[in-house]
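A.B. asks: In our numbering, the protein residues as written are 12 to 170. Positions of the beta carbon are idealized from the N, C-alpha and C atoms, including for glycine. The structure follows.
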Amino acid sequence: MQQNATVPYPDADLRKHPPRSAREMLGGIYFLPRTIDKIRAKIAGTMGPYKIAPGISGYLFEWLGITEEQFTDVVRNAKSDEEIVRWLHANTDHAKYAGLNEMLVNRGLRDDEHRAQMLPNYPVLEGRPELRNWFEIFELDDVWMYEPANRGKPAAAPP
C-alpha cells in the first residue's frame with residue numbers, strides 16, 4: 012500500500028468505497044481485513060459512513076482480548092496486513108479463533124424487534140425479511156450505500 016502525504020492510506024478511503032468483505036479471512040480470522048480497512052480509514056480521517064465500535068469489530072477485539080487502541084497502534088505502525096497478522100498471532104490466543112469465526116459467521120438479527128431497531132441504520136433491510144445474517148446484510152448494505160441513486164439517503168454507520 013503506497014503512502015501519501017495527505018492521506019496515509021489512500022486505498023482505505025471509505026468515503027469512496029466499502030471496506031473489504033466481512034467474509035474475507037486474514038490470519039485465520041473472518042472480518043479482520045474489514046476491520047483493518049476501517050482502522051486505516053479512521054487513522055486517515057476517511058471513515059465515511061463506517062464505524063469501529065460498538066459493532067462487530069468491537070466484538071472481534073473483545074474476543075481476542077485486545078483493545079481498539081492497541082490494534083490502532085499496530086495498524087498505524089505496520090507496513091502490511093502480514094505485519095498486523097504477525098502481531099495478532101504473537102499477542103492473542105489462537106485457540107480462540109475457531110470460536111470467534113463461528114460467532115462471526117452465525118451472528119445475525121435476533122428477532123423482529125431487533126430488525127425494527129436496525130432498520131433505520133440499514134435501509135437495505137426494507138422489504139427483505141429473509142435477511143438475518145450480518146455478513147449478508149453487510150454485503151448488500153455496502154453495495155446499497157455506494158449506488159448513485161442512494162447517495163444522500165439516510166443510513167447510519169454500519170459495523
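Taking 8 Å as the threshold (C-beta atoms), are M129 and L120 in contact?
C.D. replies: yes
A.B. asks: Reducing DSSP to helix, strand and coil, say where G110 ends up.
C.D. replies: helix
A.B. asks: Decide if the stretch 86-96 is in contact with the stretch 124-143; the criterion is three or more beta carbon pairs, one per stretch, under 8 Å apart.
C.D. replies: no
A.B. asks: Below 8 Å on the Cβ atoms is my guess for P65 versus M156; work out the distance and round it to an integer in Å.
C.D. replies: At roughly 19 Å, the Cβ-Cβ gap does not stay under 8 Å, so P65 and M156 are not in contact.
A.B. asks: Just reading off the alpha helix (DSSP H) that I50 is part of, what are its end residues?
C.D. replies: 43-55
A.B. asks: Does the stretch 98-109 come within contact of the stretch 144-159, defined as at least 3 CB pairs closer than 8 Å?
C.D. replies: no
A.B. asks: Using C-beta distances below 7 Å, list every residue in its chain close to P30, excluding the 5 sequence neighbours before and after it, in chain order.
C.D. replies: Apart from sequence neighbours up to five positions away, the residues of its chain that approach P30 with a beta-carbon distance below 7 Å are R45, D48, K49, Y61, ordered along the chain.
A.B. asks: Return the residue from the list E158, D122, G38 that minimises the CA-CA distance to P134.
C.D. replies: E158
A.B. asks: Where do the N-terminal and C-terminal ends of the alpha helix (DSSP H) with H105 fall, by residue?
C.D. replies: Premise fails: H105 is in no alpha helix (DSSP H) and is neither H nor E.
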